[in-house]
Structures are given as structure tokens and as C-alpha cells.
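Quick note on our numbering: the sequence shown kicks off at 1 and runs consecutively. A virtual CB, placed ideally from N, CA and C, is assigned to each residue, including glycine.
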Amino acid sequence: MDHQGKPTRQLKSGGKRGNNVNADLIAVVVAMNNSVPCVLTIPQANALPSGPFELAHRSLQSGLRGWVEQQTGHPLGYIEQLYTFADRDRIGAEERVISISYLALTQAEDLGAAAKRCWASWYDYFPWEDHRSGAPTAVLEDLRPRLREWAGSADDTAVRLDRQRRAAVAFGFDDRSWNEEFALQRYELLYEAALVEEAVRVGPSAAPTAVPSKSMIADHRRILATAIARLRSKIKYRPVVFELMPPLFTLLQLQQTVEALSGRLINKPNFRRLIEQQELVEKTGETTTETGGRPAQLYRFRHDILDERPVAGTKLPLMRA
Numbered sequence: 001m002d003h004q005g006k007p008t009r010q011l012k013s014g015g016k017r018g019n020n021v022n023a024d025l026i027a028v029v030v031a032m033n034n035s036v037p038c039v040l041t042i043p044q045a046n047a048l049p050s051g052p053f054e055l056a057h058r059s060l061q062s063g064l065r066g067w068v069e070q071q072t073g074h075p076l077g078y079i080e081q082l083y084t085f086a087d088r089d090r091i092g093a094e095e096r097v098i099s100i101s102y103l104a105l106t107q108a109e110d111l112g113a114a115a116k117r118c119w120a121s122w123y124d125y126f127p128w129e130d131h132r133s134g135a136p137t138a139v140l141e142d143l144r145p146r147l148r149e150w151a152g153s154a155d156d157t158a159v160r161l162d163r164q165r166r167a168a169v170a171f172g173f174d175d176r177s178w179n180e181e182f183a184l185q186r187y188e189l190l191y192e193a194a195l196v197e198e199a200v201r202v203g204p205s206a207a208p209t210a211v212p213s214k215s216m217i218a219d220h221r222r223i224l225a226t227a228i229a230r231l232r233s234k235i236k237y238r239p240v241v242f243e244l245m246p247p248l249f250t251l252l253q254l255q256q257t258v259e260a261l262s263g264r265l266i267n268k269p270n271f272r273r274l275i276e277q278q279e280l281v282e283k284t285g286e287t288t289t290e291t292g293g294r295p296a297q298l299y300r301f302r303h304d305i306l307d308e309r310p311v312a313g314t315k316l317p318l319m320r321a
């Protein structure tokens, strides 16, 4: 699929005429800009950077890096394979597309460089995911009654009860706990209930039933939800959050980054105690006054921790509402 959402590379599978498969590479590039988790997009198509996997590409990763840099001018650093999407009819009834997606983490750009690219807050696409100030209005006043109506519309009792249970688990209804790692399940539930534009899109306009949020072409928003769920889970057992941090940072900046990614508040004393116990960072002996108030100690990530403890993570002490 090119950056306009059109499959361009065909893999012949043999058999009946027209039985071809298109393959493309899609990147979810994440950075922190002013304490906001942002994703790199292609504004003309409201899409993630993507391009076909071609015979000339040395590997999947090299092909992906080439397409992202060509389309956005942004070179990639840390990347990991995310998921392969190959569902029937995910692009259209007349074609089959295999999309190999990757999660890429990069550090924030300066204002001049960032202005040349299209970075968008991932909460623009998933406004129900940000719980740092409590459950957002989108959940309490909009999503809940619509999901209840959808669940109750099933004729079969078993289906109706299953829908109610899934909505409660995904969104923390009926006194259940909110789980920040269920980002993909929440989006897929809203898609099933036809409450996102992608599920009910006819032409370029949004359906009146869609929950207010930014949409993307094809299933790019589903791919983004997959990346959010992966990253929220992974920062708890691998120190990948430091791929998003500048070389020097304060503990408050580190905490705010983790909170922004998870969409949840973190207990400050517990967070600092765990960071110190796991020896993930070390003091530089320098301070900064950019945070306001007293000079704050600057820290750096201890890269040798990866050799000492391959599974080192942050084990986040997330606040529970």
C-alpha cells in the first residue's frame, strides 16, 4: 500500500485468475512532543507512513526505513516488528493485502524539524484512552450509552450478555478496573458496534453515529491501536521508554513520559523508589532549572543494564482510580 492507501506490490499465489496478494510495510513512528505521545502521519492521506515491499529491498526493515524516510524525511532508529495484518476484505472485497507493521520509537525533534513533518497526538485518534485526569468525557457521556444501546440491540440473549460483558471489561464499566493495555480491544469493540468512522464510512464523510475522533484510511487506526497496546505493555518489562527520552532528563520528565504513554497517573514516591531500586538510571552530577522551582537533578539511562539484566523493566506503579 502506498502513502495514499493503494496496494502497489503483487505477489502471485497461483491458481485462479485474480488470485494475487499485495504486500506492504507500515510504520507506527512514536515520539514525545511536549509531553504528548505523538505519531508520525502522512497528512494528505490521513495515514501512517507505508509503502510496498519490493524485490529490490534487502530486508523488510530496510524497505520500511526507506519508505518512511522518503515520505517523511525522518530517519528511523529503534524499530521492532509489530504485527502482520492479513484479514480478508480489510482493504476491499476485490483485493487481498498483507500488511507487515512495525513500531518505531524516536526522540523528540526540535521545533524547526518537527514543523516540517506531521506529528499528531495519538489521543486525537483515541480520546477515550487518556485517563490522566480521570475518565474522559468521551467515555462517561458518549461511549457508555451508545455501547449499552448496541449491546441491548442483539436479539439473542447470549449475544446480548456477551456484548455487555466485553464492553464492561474493555471500558471499565460496572465498577470494573480500567486496563490501559486494552487499547486494541476497545477500538475493535467500537468498530464492531459501528461507533468509529472506519466501520460505517461511505465515501469521505463520517457517519452521524461515529464517536468524535480522528479516523485514518483503511485499518491504519487499528494498527495504531495495536502499537499503543504493545508499547503500554512493553514499558512495564523492558526499558524501551528510554528510546523516547533525551540523553539527559529529570525523574519528573521520565515519570511524565510514562504517564503520557500509559494514559494513567503514577504514584510519584513509588515510581522513584522502583527506578532507583532497579538501577535503570544514574545521576550525571548536573542540574537544570527548566522545570521551574529548585534545580532538578539530571539523569541518564544506564545502557549496560541491558547486558546485566536482559529483562529489566520499569514495573510501573500505576495509580488506580
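Beta-bridge analysis with DSSP links Met32 to Pro37. Assignment of alpha helix (DSSP H) within the region 44-127, counting only whole runs of 4 or more residues, yields 60-72, 111-115 and 122-125 in chain order.
Judged by DSSP secondary structure, Gln297 falls within the beta strand (DSSP E) whose first and last residues are Ala296 to Phe301.
Residue burial annotation: Tyr237 is exposed, with fewer than 16 other C-beta atoms found within 10 angstroms of its C-beta. Secondary structure at Arg132: strand, using DSSP grouped into helix, strand and coil. Here the alpha carbon of Leu298 sits roughly 13 Å from the alpha carbon of Gln255.
Within the region 148-208, the complete alpha helix (DSSP H) segments of 4 residues or longer fall at 157-171, 183-192 and 197-200, listed in chain order.
Of Ile235, Tyr125 and Pro49, the smallest CA-CA separation from Val258 is found for Ile235. Per the Cβ contact rule, the region 171-183 is not in contact with the region 153-161 (fewer than 3 Cβ pairs under 8 Å). Per the coordinates, the alpha-carbon of Tyr125 lies some 5 Å from the alpha-carbon of Ser213. Our two residues, Tyr102 and Ile26, have alpha carbons roughly 6 Å apart in a direct line. Looking only at Ala218, Ser233, Pro239 and Ile98, the smallest Cα-Cα distance to Arg300 is reached by Pro239.
Sequence-distant partners of Pro295 (beyond 5 residues in either direction) whose C-beta falls short of 6 Å from its own C-beta, in its chain, are Thr287 and Thr289. Put simply, the backbone Cα of Arg273 is about 40 Å away from that of Leu60.
For Val281, DSSP records a beta bridge to Phe301. By the neighbour-count criterion, in which 16 or more other beta carbons inside 10 Å mark a residue as buried, Ser262 falls on the buried side. For Ala229, same chain residues with a beta-carbon under 6 Å away, outside a window of 5 residues either side, are Glu181, Ala183 and Leu184 in chain order. Contact between Ala260 and Val36 is confirmed by a C-beta separation of about 6 Å, below the 8 Å threshold.
Residue pairing from DSSP places Phe249 in a beta bridge opposite Tyr299.
By the Cβ-count criterion, Gly51 is buried, with 16 or more other Cβ atoms from all chains shown falling within 10 Å of its own Cβ. In the structure shown, Ile275 falls within a helical segment according to DSSP collapsed to helix, strand and coil.
In this structure, DSSP gives Ile228 a helical state, which the three-state scheme calls helix. Below 8 Å, enough C-beta pairs join the region 267-286 and the region 240-255 to call them touching: three or more.
Annotated as proximal: Leu224 and Trp122, with beta-carbon spacing under 8 Å.
Glu198 is positioned such that its CB atom lies closer than 8 Å to that of Ser215. Check the Cα spacing between Ile79 and each of Thr72, Leu64 and Glu279: the tightest is with Leu64. If you compare the alpha carbons of Asp156, Leu248 and Trp150 with that of Ala168, the shortest gap goes to Trp150. Between Asn34 and Arg96, the C-beta gap is not smaller than 8 Å, which leaves the two residues out of contact. Only buried fits Leu76, as 16 or more other CB atoms lie within 10 angstroms of its CB.
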